[in-house]
Amino acid sequence: LNGSATINANVQVAQLPAQGRHLGNGVQCLAMGWGLLGRNRGIASVLQELNVTVVTSLCRRSNVCTLVRGRRAGVCFGDSGSPLVCNGLIHGIASFVRGGCASGLYPDAFAPVAQFVNWINSIIQRSEDNPCPHPRDPDPASRTH
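Just so you know, the UniProt record's numbering puts the end of the sequence shown at 145, numbered straight through with nothing missing.
Below is the structure:
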């Protein structure tokens with residue numbers, strides 16, 4: 001970013017789940033990203049979103065996995081780092097696909113945010129206690145939050 005984001009109706013702070021909170025099988029979530037629109041297709045010019053279902057039985061506990069049953073749909077190359085939102089909370093960060101984009105056979109894997117919430121909060125707290133100067137603001141003490 002070239003500067004601080006302005007919080008408004010369209011820009012909000014992401015909400016995190018409780019540390020260690022696991023999603024159960026069958027939870028409905030929203031995956032999104034700016035990656036490829038499919039095999040041999042271009043990159044999205046508009047943020048894409050997709051309703052997905054958590055599938056715990058097809059995944060290691062070290063990931064949150066999702067699948068779109070009955071359709072060849074899912075995250076694709078270029079979506080890595082994008083959020084998985086479940087019940088208004090960021091529960092996953094797109095990590096990898098197996099069997100290619102939107103195979104319909106294999107689940108998509110997300111890094112489990114709930115396993116790292118304490119660490120994330122410690123980094124946020126550290127940056128609030130000692131903010132990094134912005135290139136256009138050499139004196140961080142002069143900033144107001």
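Where a beta carbon is used, it is the ideal one built from N, C-alpha and C, also for glycine.
An exposed status is given to P131, since fewer than 16 other beta-carbon atoms sit within 10 Å of its beta-carbon. Between S122 and A109, the C-beta spacing is not below 7 angstroms.
In this structure, the straight-line span from the alpha carbon of D79 to that of W119 is close to 23 angstroms. By the Cβ rule, the segment 46 to 53 counts as touching the segment 22 to 37, because three or more pairs are nearer than 8 angstroms. Three or more Cβ pairs drawn from the segment 9 to 21 and the segment 75 to 89 lie within less than 8 angstroms of each other, which places the two stretches in contact.
By the CB criterion at 7 angstroms, C101 and C76 fall inside the cutoff.
Short of 6 angstroms from the beta carbon of G35, and not among the five residues preceding or following it, lie these beta carbons of its own chain, in chain order: C76, F77, G78, D79.
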